[in-house]
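2 protein chains.
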Amino acid sequence: MDESPRLTTVLRPVRAGNAFEETVERLLQAIKLGIVAEKLPPERELAARLGISRVTLREAIRALQEAGYLDVRRGRYGGAFVTYSPPEPGSEDLRRAVADMGTDELDDALTFRMAVECGAARVLATAALAGGLSEERRGELRRRLAEVNSAGPDDYRRLDTAFHLCVAELTGSPLLAAACADARLRVTDLLNAIPILQRNIEHAAAQHEAIVTAILAGDPDAAARAVAEHLEGTAALLRGFLA
Amino acid sequence: MDESPRLTTVLRPVRAGNAFEETVERLLQAIKLGIVAEKLPPERELAARLGISRVTLREAIRALQEAGYLDVRRGRYGGAFVTYSPPEPGSEDLRRAVADMGTDELDDALTFRMAVECGAARVLATAALAGGLSEERRGELRRRLAEVNSAGPDDYRRLDTAFHLCVAELTGSPLLAAACADARLRVTDLLNAIPILQRNIEHAAAQHEAIVTAILAGDPDAAARAVAEHLEGTAALLRGFLA
DNA sequence: TCTTATTGGGCTAGTGTCAGACCATTGATG
DNA sequence: CATCAATGGTCTGACACTAGCCCAATAAGA
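Chains E and X, in that order, give the protein sequences.
With my numbering applied, the first sequence covers 460 to 702.
With my numbering applied, the second sequence covers 460 to 702.
See the structure below:
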């Protein structure tokens, strides 16, 4: 920090870029995270969701179409269909992705993710402790866990994302959910560049298990620790590519 | 959540409002938080910081001037001087502020703040544990603590804000610092509506002490617990005005 | 008293973004 | 085979925002 840290923290840019760029970014993230698996919502609805005009949205969609992420078809039952499958990763991709990002930005993203996800798990466990977690919500958490644990290599990233976001969303705080989604998005490209090894999946499964157990048991400290341990594995792997 | 939670989380609005509104909001927050104590930076510099044009910034400044928050003077050594002191709070103000916000939004803001601040404290304590916290940074934390503990009623809010933000900023993650600032901003009006009692200050001082002790000792769980306990006090007070 | 650097005040031309309306295409369904 | 609802494609007028430039005021310092 140059001068007064608080000043640069609060007097930071009010917008990240123009509406077009932000929209492209957002849609790309939704696609890469597998949140929109088949096709985007209709333009009119999507524009309303994103709080932008249809014109701007269409520009973004066209950009993604030209980049090969979408196939747009007209007429009833038409729409913007997702044509994207994560590329086969190689260590060269990862090195390039990390290099594109810069080490400062990477550290920032990883630290941010660590904080918000630990915080979310902690909040959720506290809610469970106080009896504020309905059986229905407990069930959803268990279901997401089972899904990611039984996932094959193709679905793994998507279901892993769904599991992590689920924890944040179950807190009932849209702000917190958005922060966790944002944190995840910032490392998506990096994660996609890491080969998915069966050994890693099994390792992660045990950690996911521990997270859910701690949350359902209403143990905030254990929940945060479990998340921290889980994320530290990924972080260490990524940071290893900086030397 | 209506349908797919993940969809509404990621496909949320890309911008909160127009540039003018966001700028007014941001400046107002900087003023109310006491981050700009005397006067704003020169228009040209401030516009660059906020990533907006000078025209838009000037509109925002004029709005704040007309609302009585700023006194703008021309010429060298001129500028936009802060003319604002937090009003004497009364319980009526608080009830109105809470009512203005709505209980869902309040819960959201409080949950979000709990998560990010606990997360930040946890991250910082972990860094301390790993020896990643220089003596200089430890000193700054202690200094902020001493400042807030020796503050009078007039300076209390400002120094309390500075202390909390300091924890987030010492993690070295701008994203995390911004999230904590944002979380704080969302409850500023409510906090300002609570009368500052000497008893509360002393109570908070002990909790601040516990937070710093846990962080410097490198105990992540204790640090998060201390923050949680501290914030829960405020949250309970605010939530009490909902019945 | 004069100079000068610094700061707010104001203007213009150009671009980005929006809301809303209307057109074109498609495929399921009667 | 004709209809029609849903969806993308296109246009227009209005407003928001920007970059860059120059002017006006002010107070410290020569």
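Note that beta-carbon positions come from the ideal geometry of N, C-alpha and C, so glycine has one too.
Run the CB neighbour count on E/A636, radius 10 Å, all protein chains shown included, and call it buried at 16 or more, exposed below. By one-based count along the first sequence, residue 636 of chain E stands at place 177. The residue in question, E/A636, is buried, as its Cβ has 16 or more Cβ neighbours within 10 Å.
Considering X/L529, what are the terminal residues of the alpha helix (DSSP H) in which it resides? What you label residue 529 of chain X is simply residue 70 of the second sequence in a count that begins at 1. Careful: X/L529 lies outside any alpha helix (DSSP H), inside the beta strand (DSSP E) at L529 to R532.
Separation of X/A506 from E/Q592, as counted between CA atoms: Taking the first residue of the first sequence as 1, we reach residue 592 of chain E at position 133. Taking the first residue of the second sequence as 1, we reach residue 506 of chain X at position 47. Before going further, note that residue 592 of chain E is Leu rather than Gln in the sequence given. Near 46 angstroms, if we compare the C-alpha coordinates of X/A506 and E/L592.
Anything in chain X within Cβ reach of E/Q666, meaning under 9 angstroms, just list it in chain order. Along the first sequence, one-based indexing puts residue 666 of chain E at 207. In chain order: nothing, as chain X lies at least about 17 angstroms away.
For E/E481, return the contacting residues in chain X, with the cut-off set at a CB-CB distance below 8 angstroms. Taking the first residue of the first sequence as 1, we reach residue 481 of chain E at position 22. Listed by position along chain X, the residues whose Cβ is nearer than 8 angstroms to that of E/E481 are V473 and R474.
Neighbour flag for X/G699 against chain E, beta carbons, 9 angstroms: What you label residue 699 of chain X is simply residue 240 of the second sequence in a count that begins at 1. With its beta carbon at least 9 angstroms from every one in chain E, X/G699 lies outside the interface.
Extent of the continuous alpha helix (DSSP H) to which X/F622 belongs: Numbered from its first residue, the second sequence carries residue 622 of chain X at position 163. Judged by DSSP secondary structure, X/F622 falls within the alpha helix (DSSP H) whose first and last residues are Y615 to L629.
Would you report the Cα separation of E/E606 and E/R581, rounded to the nearest angstrom? Translated into positions along the first sequence, residue 606 of chain E becomes position 147. Translated into positions along the first sequence, residue 581 of chain E becomes position 122. Within the model, the alpha-carbon separation for E/E606 versus E/R581 is close to 22 angstroms.
Whole-Å CB distance - E/L696 paired with X/L470, under 8 angstroms assumed: Here residue 696 of chain E refers to the residue found at position 237 of the first sequence. Here residue 470 of chain X refers to the residue found at position 11 of the second sequence. Wrong, their Cβ atoms sit about 30 angstroms apart, outside the cutoff.
Own chain residues within Cβ distance below 8 angstroms of E/H623, not counting five before or after: Translated into positions along the first sequence, residue 623 of chain E becomes position 164. Cβ contact annotation for E/H623 (same chain, cutoff 8 angstroms, sequence separation greater than five): E576, C639 and R643, in chain order.
Please check if any C-beta of chain X sits within less than 9 angstroms of the C-beta of E/T585. Counting from 1 along the first sequence, the entry for residue 585 of chain E is found at position 126. Chain X places a beta carbon closer than 9 angstroms to that of E/T585, counting this residue as a contact.
Just to check my reading of the structure: X/D567 and E/L634 have Cβ atoms closer than 8 angstroms, yes? What is that Cβ distance to the nearest angstrom? The residue labelled residue 567 of chain X in the question sits at position 108 within the second sequence. The residue labelled residue 634 of chain E in the question sits at position 175 within the first sequence. Correct: roughly 5 angstroms between the Cβ atoms.
Does E/G578 come out as helix, strand or coil in the three-state DSSP assignment? Here residue 578 of chain E refers to the residue found at position 119 of the first sequence. Residue state, collapsed to three classes: helix.
For the beta strand (DSSP E) containing X/F540, list its first residue and its last residue. Residue mapping note: residue 540 of chain X aligns to position 81 of the second sequence, counting from 1. Per DSSP, the continuous beta strand (DSSP E) segment holding X/F540 begins and ends at G538 to V541.
Is there contact between the stretch 539-548 of chain X and the stretch 650-661 of chain X, where contact requires at least three CB pairs shorter than 8 angstroms? Yes, they touch.
Within its chain, find whatever has a CB closer than 6 angstroms to the CB of E/R617; leave out the 5 residues flanking it on each side and keep chain order. The residue given as residue 617 of chain E occupies position 158 in the first sequence. Once the five neighbours on either side are set aside, the close Cβ partners of E/R617 are G493.
Straight-line CA distance for E/R658 to E/P612? In the first sequence, the residue the question calls residue 658 of chain E occupies position 199. In the first sequence, the residue the question calls residue 612 of chain E occupies position 153. Roughly 11 angstroms separates the two Cα atoms.
What number of angstroms, rounded off, separates the C-alpha of E/D648 from the C-alpha of E/Y543? As a first step, residue 648 of chain E must be located in the first sequence, where it is residue number 189. As a first step, residue 543 of chain E must be located in the first sequence, where it is residue number 84. E/D648 and E/Y543 have their C-alpha atoms some 14 angstroms from each other.
What in chain E is Cβ-close to X/T542, meaning under 9 angstroms? Reading the second sequence from its first residue, position 83 is the one you call residue 542 of chain X. For X/T542, there are no neighbours in chain E by C-beta distance under 9 angstroms, as the nearest C-beta there is about 19 angstroms away.
Extent of the continuous alpha helix (DSSP H) run through X/N659: Reading the second sequence from its first residue, position 200 is the one you call residue 659 of chain X. Unbroken alpha helix (DSSP H) run through X/N659: Q657 to L675.
Go through the stretch 468-503 of chain X residue by residue and report every complete run of the alpha helix (DSSP H) that reaches 4 residues or more, in order. DSSP runs (the alpha helix (DSSP H)) wholly in the stretch 468-503 of chain X: 478-491.
Taking its Cβ as the centre, do 16 or more other Cβ atoms sit within 10 Å of E/E714, making it buried, or is it exposed? A query on residue 714 of chain E cannot be resolved here, the shown segment of chain E reaching from 460 to 702 and no further.
Reduced DSSP category for E/D641 - H, G, I as helix; E, B as strand; rest coil: Here residue 641 of chain E corresponds to residue number 182 of the first sequence, with the count starting at 1. It is helical.
Compute the distance between the beta-carbons of X/A407 and X/G631, then report whether it is under 9 angstroms. Coverage of chain X is limited to positions 460 through 702, which leaves residue 407 of chain X absent and any answer about it impossible.
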